[in-house]
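Peer 1:
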Amino acid sequence: MDLSEVDGVLVLSYREGPVFGDHGDDEGHDDHEGHDHEKEGHDEHEEAGHDDHEGHEHGGNDPHMWLDPENAKIWLDTIASELGHIDPENADRYAANAKSAKQQITQEMHHIEDRLNTVHGKGFLVFHDAYQYFENRFGIFATGSISLGDASKPSSRRLQEIKHHFEEEGIHCVLSEPQYSSKLITSVFGGHKPHIGVVDPIGIDLKLGPGLYPQLLANLALGIAECVNH
């Protein structure tokens, strides 16, 4: 089963270039005719391994779809239904578990909306472009990415563009991830030292269980809010 092809799932294209365009475009997404999504946009893909040819990216979908909680809720129903077909004796249990999990996600979404109220309208940079599904869902925005979509090493031209954007826009927050060194981020900006926030889009240190995904979302929102408002 390809969960990206389930009806209603929002699929976004990778954003083009080191500095992202305006949010709110209605290109580069596919909701498979199932839902009406707000604030959709972004097009083009930064092809991995071509950091010297960043003006010639090729189309491709951003795979970080799990960071849109509405996608996750759709997948819960889909998975529960499939399990019910395989194991009909426990179909009701699968459906009940999916319903409970969706309620937890919805509750956490309300908490996140409250937490991110202070982030709306404030730009930030990311080490690599992993968060646009989360941004899109909650109305916040990264304005650029240091590395390519797969976090491969950026070219010197790309780093210069990011540095210029950082200085021109007065951005002070850059989001990194646990597996990446902050040395590259620090070196990009020279004497203009940004606040580096560390967020984890996969929840590598979280305990497995029904609360993992809501906690992943909560941690992401907290990390973004603390960095942007630092």
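Basically the working numbering = 1-based index in the sequence shown + 307. In this text, a Cβ means the ideal position worked out from N, Cα and C, and glycines have one as well.
Using C-beta distances below 8 Å, list every residue in its chain close to Thr425, excluding the 5 sequence neighbours before and after it, in chain order.
Peer 2: Locating residue 425 in the sequence shown gives position 118, counting from the first residue. Ala532, Val535 and Asn536, listed in sequence order.
Peer 1: Taking Ser388 as the reference, which of Asn404, Trp373, Asn378 and Leu374 has the closest Cα?
Peer 2: Locating residue 388 in the sequence shown gives position 81, counting from the first residue. Out of Asn404, Trp373, Asn378 and Leu374, Asn404 has the C-alpha closest to the C-alpha of Ser388.
Peer 1: Give the C-beta separation of Ala525 and His435 to the nearest angstrom, bearing in mind that I take them to be a contact with Cβ-Cβ under 8 Å.
Peer 2: Within the sequence shown, residue 525 is the residue found at index 218, counting from 1. Within the sequence shown, residue 435 is the residue found at index 128, counting from 1. With a Cβ gap of about 22 Å, Ala525 and His435 do not count as contacting.
Peer 1: How big is the Cα-Cα spacing for Glu476 and Val313?
Peer 2: Translated into positions along the sequence shown, residue 476 becomes position 169. Translated into positions along the sequence shown, residue 313 becomes position 6. About 39 Å.
Peer 1: Does Gly367 come out as helix, strand or coil in the three-state DSSP assignment?
Peer 2: Reading the sequence shown from its first residue, position 60 is the one you call residue 367. Coil, per DSSP.
Peer 1: In this structure, does DSSP put Phe448 in helix, strand or coil?
Peer 2: Taking the first residue of the sequence shown as 1, we reach residue 448 at position 141. Of the three classes helix, strand and coil, the one that applies to Phe448 here is strand, per DSSP.
Peer 1: Please name the residue, chosen from Leu319, Leu519, Ala379 and Asp507, that lies closest to Val433 on a Cα-to-Cα basis.
Peer 2: The residue you call residue 433 lines up with position 126 of the sequence shown. Residue Asp507 is the option with its Cα nearest to Val433.
Peer 1: Between the Cα of Ser463 and the Cα atoms of Ile492, Tyr487 and Pro485, which residue gives the shortest distance?
Peer 2: Working through the sequence shown from its first residue, we reach residue 463 at position 156. Ranking the options by Cα distance to Ser463, first place goes to Ile492.
Peer 1: In its own chain, which residues sit with a C-beta less than 8 Å from the C-beta of Val326, not counting the 5 before and 5 after it?
Peer 2: Sequence index remark: in the sequence shown, residue 326 carries index 19 (1-based). Excluding positions up to five away in sequence, the list reads Thr450, Gly451, Glu468, Ile469 and His472.
Peer 1: According to DSSP, which residues form a beta bridge with His435?
Peer 2: As a first step, residue 435 must be located in the sequence shown, where it is residue number 128. The partner list for His435 (beta bridge, DSSP) is empty, contrary to what the question assumes.
Peer 1: Report the option in Met372, Gly498, Tyr487 and Val495 whose CA atom is closest to the CA atom of Arg444.
Peer 2: Numbered from 1 along the sequence shown, position 137 holds the residue referred to as residue 444. Answer by Cα proximity: Met372.
Peer 1: Between which residues of its own chain and Glu415 is the CB-CB distance below 7 Å, once the five residues before and five after are set aside?
Peer 2: The sequence position of residue 415 within the sequence shown is 108, counting from 1. Cβ neighbours of Glu415 beyond the five flanking positions: Pro521, Leu524 and Ala525.
Peer 1: Can you check which of these residues, Ile511, Leu527 and Leu466, is closest to His497 by C-alpha distance?
Peer 2: Taking the sequence shown and counting its residues from 1, the one referred to as residue 497 is at position 190. Correcting the residue identity first, residue 497 is Gly in this sequence and not His. The shortest C-alpha separation from Gly497 is found at Leu466.
Peer 1: In this structure, does DSSP put Val481 in helix, strand or coil?
Peer 2: Within the sequence shown, the letter at position 174 stands for residue 481. In the structure shown, Val481 sits in a strand (DSSP, three-state: E or B).
Peer 1: Which value, in whole angstroms, describes the spacing of the CA atoms of Leu482 and Ser489?
Peer 2: As a first step, residue 482 is located in the sequence shown; it is residue number 175 there, counting from the start. As a first step, residue 489 is located in the sequence shown; it is residue number 182 there, counting from the start. Going from the Cα of Leu482 to the Cα of Ser489 covers about 10 Å.
Peer 1: Skipping 5 residues on each side, what residues in its chain have a beta carbon closer than 6 Å to that of Arg422?
Peer 2: Locating residue 422 in the sequence shown gives position 115, where the first residue counts as 1. If we look at Arg422 and ignore the five residues flanking it on each side, its Cβ neighbours are Ala528 and Ala532.
Peer 1: Helix or strand or just coil, what does DSSP make of Val535?
Peer 2: The residue you call residue 535 lines up with position 228 of the sequence shown. Helix, per DSSP.
Peer 1: Could you please give me the residues that DSSP links to Ser488 through a beta bridge?
Peer 2: Residue numbering aside, residue 488 sits at position 181 when the sequence shown is read from its first letter. Beta-bridge pairing links Ser488 to no other residue.
Peer 1: Below 7 Å CB to CB, which residues in the same chain sit around Ala379 once its five sequence neighbours on both sides are set aside?
Peer 2: By 1-based counting over the sequence shown, the position of residue 379 is 72. Contacts found: Trp373, Ile412 and Tyr520.
Peer 1: With H, G and I counted as helix, E and B as strand and the rest as coil, what does DSSP make of Val326?
Peer 2: Looking up residue 326 in the sequence shown gives position 19. Three-state result, Val326: strand.
Peer 1: What do you get for Leu319, buried or exposed, if any count of 16 or more other CB atoms within 10 angstroms of its CB means buried?
Peer 2: In the sequence shown, residue 319 corresponds to position 12, counting from 1. It is buried - the Cβ of Leu319 has at least 16 other Cβ atoms within 10 Å.
Peer 1: Alpha carbon to alpha carbon, what distance is there between Gly510 and Ile453?
Peer 2: Residue 453 sits at position 146 when you count from the first residue of the sequence shown. Residue 510 sits at position 203 when you count from the first residue of the sequence shown. The straight-line gap from Cα to Cα measures roughly 22 Å.
Peer 1: Under 6 Å Cβ to Cβ from Leu310, same chain only, skipping five residues before and after it: list those, please.
Peer 2: To locate residue 310, count along the sequence shown from 1; it is residue 3. For Leu310, where only same-chain residues beyond five positions count, the Cβ hits under 6 Å are Trp382.
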